[in-house]
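Only one structure is covered here, and it is reproduced in the block below.
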Amino acid sequence: MSNDQMQTLWAEQRSGILAEALGISREEVEQWVIEDYPDASDEGLVAGHVVEISDEAPPALVDKLGGTTVKLPALSFKQGLEGA
């Protein structure tokens with residue numbers, strides 16, 4: 035499997051996990067999520083995950099998510115995509 039194929043699979047997995055956690059579609063994630071990152075404590079422990087939504091997202095979506103910065107519990111991403 036080429037690096038480009040792995041990157042595509044990784045992006046699809048990531049958007050699917052974010053979509054499920056946010057309660058929105060994968061397409062909405064791909065269109066409106068501009069950044070996401072772990073929310074780590076001062077000790078370096080992951081306390082959750084932060085998702086930033088574009089300021090240009092539809093107001094109904096922003097209202098549904100509770101704003102343009104959404105804090106979630108820690109998410110599990112499998113970077114290696116073992117078996118892919």
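Take any residue in the sequence shown, note its place counting from 1, add 34, and you have its number in this note's numbering.
Positions of the beta carbon are idealized from the N, C-alpha and C atoms, including for glycine.
Quick caveat: nothing in here was measured; it's all calculated off a predicted structure.
For residue i and residue j, which I take to be in contact (beta-carbon distance under 8 Å), what is that distance rounded to the nearest angstrom?
i: Leu-109; j: Ala-55; result: 6 Å
i: Val-84; j: Thr-103; result: 7 Å
State the Cα-Cα distance for the pair residue i and residue j, rounded to the nearest angstrom.
i: Leu-99; j: Asn-37; result: 33 Å
i: Glu-64; j: Ser-88; result: 11 Å
i: Ile-68; j: Leu-95; result: 14 Å
i: Leu-106; j: Met-35; result: 32 Å
i: Val-80; j: Asp-73; result: 6 Å
i: Glu-61; j: Pro-92; result: 13 Å
i: Met-40; j: Gln-47; result: 10 Å
i: Gly-82; j: Glu-90; result: 25 Å
i: Glu-77; j: Phe-111; result: 21 Å
i: Thr-42; j: Leu-52; result: 15 Å
- Query: Counting only runs that start and end within the stretch 56-105, where is the beta strand (DSSP E) found for 3 or more residues in a row?
  - Reply: 67-74, 80-87
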